[in-house]
Amino acid sequence: MAFDPDLIAALRAAKHIAVLTGAGVSAESGVPTFRDALTGLWAKHDPLQLATPEAFARDPETVSRWYDERRLNVLKRIPNPGHLALARWQHLMVERGRTFTLITQNVDRLHQSAGSTEVIEVHGSLIEWRCTRTGRIVECRGPAFAQHPMPSGHGGVLRPNVVWFGEALPEEAAYAAQHAAGFCDVFLSIGTSALVYPAAGYVHLAKSSGAVTVEINRDPTPATEIVDHSMLGLAGEIVPALVEAWAHR
Ligand code: BV8
Numbered sequence: 144m145a146f147d148p149d150l151i152a153a154l155r156a157a158k159h160i161a162v163l164t165g166a167g168v169s170a171e172s173g174v175p176t177f178r179d180a181l182t183g184l185w186a187k188h189d190p191l192q193l194a195t196p197e198a199f200a201r202d203p204e205t206v207s208r209w210y211d212e213r214r215l216n217v218l219k220r221i222p223n224p225g226h227l228a229l230a231r232w233q234h235l236m237v238e239r240g241r242t243f244t245l246i247t248q249n250v251d252r253l254h255q256s257a258g259s260t261e262v263i264e265v266h267g268s269l270i271e272w273r274c275t276r277t278g279r280i281v282e283c284r285g286p287a288f289a290q291h292p293m294p295s296g297h298g299g300v301l302r303p304n305v306v307w308f309g310e311a312l313p314e315e316a317a318y319a320a321q322h323a324a325g326f327c328d329v330f331l332s333i334g335t336s337a338l339v340y341p342a343a344g345y346v347h348l349a350k351s352s353g354a355v356t357v358e359i360n361r362d363p364t365p366a367t368e369i370v371d372h373s374m375l376g377l378a379g380e381i382v383p384a385l386v387e388a389w390a391h392r
């Protein structure tokens, strides 16, 4: 796979690289992308209507079932070459005394399974659930919940520790993501429809801060016309080839 020499030169010169990933990076691991997440049983629901605090308040059983089903699916999935290449890239950058910040909208923890560290999860995680009364977070790696919603044991019920539409991003994650986007030399948006804010704004922040911007995505998105380099295709194919091209002089 051939890459624009200017892109490779910019990546090799970069002291700080920031990456934002979306569901497209996990698609090849068998995790439905956010909008496909409703195939089969969930075809009748609109994700924007399910992934909200109002939906959980109105119909906690349906929302709890949907998230528990998604949780059980991601627990069965393994990282794909795209995840593994990003983890390798981070370690090689650190070895070279440079920084590599991975920001993800994904809630499946596959980046961490691939070996990425200090992953900034701007939309939380399906593996963590939290008590609606105390806010206490528990990791849930077990079988399907016996009840929907599950009692937390602390006077509330368990909700997924994800960011729903209309909810603020976790403060620390939002700050770290914005800082990385504003200070990087190269920003890559990979496998995301670039539709959901504030995450979709990071590529614009990077561009206005003088970074070289890159998009790797199966389909064009609103970000496609503003980035410096756009590559259409599968993350599991393009990302490993890009890291290989960057690593070898
Ligand atoms: C906030 C976690 C304010 C949950 C997600 C009107 C009313 C209410 C809110 C708003 C509004 N207008 C705007 C807003 C703000 C809203 C928003 O942006 N809405 C959009 C729809 C317009 N944002 C919010 O509400 C955010 N919060 O604004 O809070 C606030 C401030 C202070 C105090 C209180 C409140 C919170 C947004 C977070 C929502 N949570 N996920 C869950 O998972 O259930 S969003 C979810 O969808 C993802 O996390 C992601 O962010 C988003 C899009 O998903 P993608 O990852 O991009 O996946 P998608 O399926 O869309 O696309 C996949 C892409 O991959 C495709 O382009 C495809 O081509 C590509 N692809 C597929 N396969 C491959 C591939 N590419 C490469 N290789 C492949 N193999």
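First residue of the sequence shown? That's 144 in this note's numbering, and the numbers climb one at a time after it. Note that CB positions come from ideal geometry on N, CA and C, so glycine has one too. Treat the numbers as computed from the prediction; the structure is a model and nothing was measured.
Chain-order list of residues whose beta-carbon lies under 7 Å from that of residue i (same chain, five-residue window excluded)
| i | result |
| --- | --- |
| Leu218 | Arg284 |
| Trp272 | Val281, Cys283, Leu301, Arg302, Pro303, Asn304 |
Chain-order list of residues whose beta-carbon lies under 8 Å from that of residue i (same chain, five-residue window excluded)
| i | result |
| --- | --- |
| His226 | Val168, Ser169, Ser172, Leu253, His254, Ser256, Ala257, Ser259 |
| Asp328 | Ala153, Ala156, Ala157, Lys158, His159, Ile160, Ala354, Val355 |
| Val357 | Leu150, Val329, Phe330, Leu331, Ser332, Val370, Asp371, His372, Ser373, Met374 |
| Arg231 | Gly258, Val386 |
| Glu197 | Gly309 |
Contacting residues, own chain, Cβ-Cβ under 6 Å from residue i (five flanking each side not counted)
| i | result |
| --- | --- |
| His291 | Glu204, Ser207, Arg208 |
| Thr350 | Here residue 350 turns out to be Lys, not Thr, going by the sequence shown. Cβ within range, chain order: Thr356. |
| Ala228 | Val382, Pro383, Val386 |
Which listed residue (the options) has its alpha carbon closest to that of residue i
| i | options | result |
| --- | --- | --- |
| Leu377 | Leu385, Val370, Asp371 | Leu385 |
| Arg239 | Ile359, Phe288, Ala157 | Ala157 |
| Pro142 | Gly379, Ser352, Tyr345, Ala323 | Since the first residue of the chain shown is 144 and the last is 392, residue 142 is not available in this structure. |
| Phe243 | Ala342, Ala320, His347 | Ala320 |
| Phe177 | Ala145, Asp251, Met144 | Asp251 |
| Pro286 | Ala316, Asn360, Ala317, Arg213 | Arg213 |
| Ala390 | Ala343, Gln233, Glu368 | Gln233 |
| Val339 | Arg279, Val306, Arg241 | Val306 |
| Ile359 | Gly278, Thr335, Arg279 | Thr335 |
| Glu261 | Met144, Ala316, Leu193 | Ala316 |
Check whether residue i and residue j have beta carbons under 8 Å apart
| i | j | result |
| --- | --- | --- |
| Glu282 | Ile270 | yes |
| Ile333 | Val265 | no |
| Ala161 | Val174 | no |
| Arg276 | Gly299 | yes |
| Gly379 | Pro224 | yes |
| Phe308 | Leu215 | no |
| Gln248 | Thr164 | yes |
| Gly267 | Pro341 | no |
| Phe288 | Asp211 | yes |
| Ala388 | Phe199 | no |
| Ile246 | Ala323 | yes |
Unbroken beta strand (DSSP E) run spanning residue i, endpoints
| i | result |
| --- | --- |
| Leu331 | 329-333 |
| Glu358 | 355-360 |
| Trp272 | 267-274 |
| Glu282 | 280-282 |
| Pro303 | 301-305 |
| Ile381 | Taken as a continuous stretch (DSSP letters only), Ile381 belongs to no beta strand (DSSP E), being part of the alpha helix (DSSP H) at 378-390. |
Limits of the alpha helix (DSSP H) - the one that residue i falls within
| i | result |
| --- | --- |
| His234 | 224-238 |
| Phe199 | 196-201 |
| Pro148 | 148-156 |
| His291 | Element bounds for His291: n/a, residue is neither H nor E. |
| Ala342 | Note, Ala342: premise wrong, no alpha helix (DSSP H); not H, not E. |
| Phe326 | 314-326 |
| Ser373 | Premise fails: Ser373 lies in the beta strand (DSSP E), 372-375, not in any alpha helix (DSSP H). |
Residue i classed as buried or exposed, judged by whether at least 16 other C-beta atoms fall within 10 angstroms
| i | result |
| --- | --- |
| Met236 | buried |
| Arg201 | exposed |
| Ser352 | exposed |
| Ile221 | exposed |
| Ala337 | buried |
CB contact below 8 Å: residue i versus chain B
| i | result |
| --- | --- |
| Gly325 | Going by chain labels, chain B is absent from the structure shown, which holds only one protein chain. |
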